[in-house]
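Just below is one structure, and these are the notes that go with it.
In full-length UniProt numbering, the protein residues as written are 1 to 602.
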């Protein structure tokens, strides 16, 4: 049976058509049309009716329920319009509007419907309160198309000071009120009918087709268009068990099925229905990813197993596959694996497909999770021009060396600050360091020979530029995405954790130093710039340095306890901007910076 098929209950009413008009609350458009004038017209059109609440069987023995009904004075009553039809066809009733009417008698008790004798009389607008929706009396009331509610509805209205609601369907409780559900992947009619009925009993609305109005997707499979759209929109995706467990809590007045803590127990894990294999990873990495696979609802198999649905490849080490993959097998980069965990749903494979290195169609993938820093080729090009101008006619590298050639200074800032970003280590890793560089100003011609003093000043400028780029990377690649609202799968970290990790990152820029270098004379003084910002340095750095250990501990704890944060770090650590350094390694740079500057100045 297709996802969009329509089910019909025993009463002949469609279960999977849009139930926005037949849910616990009538459509907003109908209520918006209600105005004092329309109420007067209604009184002229319809006969005077009497409202009443009838407690059936056990409901009449519920003391708390009796007290609640004494406080409720109003009920919602539908105004029915009879639509003209052709001869021989039954008349069609349409709801024109909803009005409020006073309940003059709090309640009536009865054990059988027959005792009333006039349950279907047009002179009465009757709401039946039934405690057991499995009782034969309930079934008889439904067949007679009577209004039926459960005790929790009455208690809810009394607590909120609201009128008894109108509902075209039996309404036991309000735990799914205003929730709009769509179903995907269900093939058994009986199961789907039961689920839809329970949703209606709890006040939920059913949509056959998925749209932005759907608040929850109830999925029995991770395949299909509905699932993919729900992932892209960030719509919560849950198992059918969510509905059953919510129904078990139907008598809890303040319970809401949409509560995050409750709903998250029944979310569809990212790797449900997935069989994963891993190729090109170290033993430790592979063991970690296999453990994460099972934690996220999947299973792992040896490479080459025909039951495998996904082959996750370490693209930096694997250039070709050891076998010809089956057509049904997804061969994906590791970013798909970590990305799925980060957004708490299986990512679309097409964005992360692995291609052989010799393939002419190999292109850099653009991920849904791509968190690029605000770099531009123009900025990088201008920085390179500045560095090229500074190093012209000199023997110095455009990047800070491990050891300066000067015998007077055996220790440079590069040895303390740029351990992982030096040309030697970058070359060894087979990658070219990239930074979040800012545009430099137009360079001016420099004398062919420069003093040792100029060379020290230039090194300070270069390392300061690298340092500021590192701060920018931390902020743009890590802090900003973590603070962003509307993250797929919800917030990765709590705001308190984000504040503890990043604190107040020092906001030190190097424009003054750049001006000094571009307009250099031997009379220029770096000390003047240091003194200019000395108060800012004293104010900014101590808090960050003092709380660095707490920041590092928070990162370690969150990475162990929160798989989505672990995946977030894995994705970003692999990006060129990080130079394969961890967040903790990047955050230690401000701690190292001031001692490094002092050494260089000395």
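For every residue, glycine included, the Cβ atom is placed at its ideal position computed from N, Cα and C.
If you're wondering where the values come from, they're calculated on a predicted model, not measured in any experiment.
Asked                                                                                                                        : Found
Assigned secondary structure, residue 567 (DSSP; H/G/I helix, E/B strand, else coil)                                         : helix
Buried/exposed call for residue 216, threshold 16 Cβ in 10 Å                                                                 : buried
Reduced DSSP secondary structure (H/G/I, E/B, other) of residue 165                                                          : coil
Nearest to residue 313 (by Cα), restricted to the options 279, 344, 291 and 298                                              : 279
Cβ-heavy atom distance, residue 157 to the ligand NAP, below 7 Å                                                             : This structure does not include the ligand NAP; it has no bound ligands of any sort.
Test item: CB-CB of residue 591 and residue 548 under 8 Å                                                                    : yes
Completely contained beta strand (DSSP E) runs for the UniProt domain "BRCT" (266–354), where each covers 3 or more residues : 275–279, 310–313 and 330–333
One or two residues paired with residue 216 in a DSSP bridge                                                                 : 181
Continuous beta strand (DSSP E) stretch holding residue 125: start and end                                                   : 124–130
N- and C-terminal bounds of the beta strand (DSSP E) containing residue 50                                                   : 50–56
Cutoff 8 Å; reference residue 301; Cβ partners in own chain excluding five residues on either side                           : 275, 276, 277, 307 and 308
Pair within 8 Å by beta-carbon distance, residue 172 and residue 133                                                         : yes
Length-filtered (4 minimum) alpha helix (DSSP H) runs lying within the stretch 446–492                                       : 452–473 and 480–483
For residue 77, the three-state DSSP class (helix, strand or coil)                                                           : strand
7 Å CB neighbourhood of residue 52 in its chain, flanking five on each side removed                                          : 105, 108, 124 and 126
Residue interval of the alpha helix (DSSP H) (run including residue 540)                                                     : 534–546
Backbone secondary structure at residue 18 - three-state DSSP                                                                : For residue 18, the predicted model reports a pLDDT of 48, less than 50, meaning its position is unreliable and no value from the coordinates is stated.
Contact the stretch 335–345 vs the stretch 563–575: 3+ CB pairs below 8 Å                                                    : yes
Pairwise C-alpha distance: residue 468 and residue 586                                                                       : 11 Å
Under the three-state DSSP convention, the category residue 101 falls into                                                   : strand
Inter-residue spacing [alpha-carbon to alpha-carbon] between residue 461 and residue 354                                     : 41 Å
Residue 33 versus residue 203: straight-line alpha-carbon distance, rounded                                                  : With a pLDDT of only 35 at residue 33, under 50, the local geometry of the prediction cannot be trusted, and no value is derived from it.
8 Å contact criterion, which residue 647 and residue 578 should meet: CB distance rounded                                    : Residue 647 lies beyond the stretch modelled for the chain, which goes from 1 to 602, so this question has no answer here.
Three or more C-beta pairs below 8 Å linking the stretch 140–152 and the stretch 183–198                                     : no
Rounded straight-line distance, which links the Cα of residue 356 to that of residue 315                                     : 9 Å
Limits of the unbroken alpha helix (DSSP H) element including residue 71                                                     : 63–71
Distance CB(residue 147)-CB(residue 182) smaller than 8 Å                                                                    : no
Contacting residues, own chain, Cβ-Cβ under 6 Å from residue 524 (five flanking each side not counted)                       : 516
According to DSSP, residues forming a beta bridge with residue 238                                                           : 218 and 267
For residue 580, three-class secondary structure by DSSP                                                                     : coil
Reference residue 238, options 227, 249 and 219, closest by Cα                                                               : 219
Residue 281 vs residue 304 beta-carbon contact at 8 Å                                                                        : no
C-alpha distance - residue 272 paired with residue 573, whole-angstrom precision                                             : 26 Å
Spatially closest choice to residue 501 from 534, 483 and 554, by CA coordinates                                             : 554
C-beta atoms of residue 54 and residue 110 nearer than 8 Å                                                                   : yes
Proximal residues to residue 330 (C-beta, below 6 Å), its chain only, five neighbours per side dropped                       : 310 and 349
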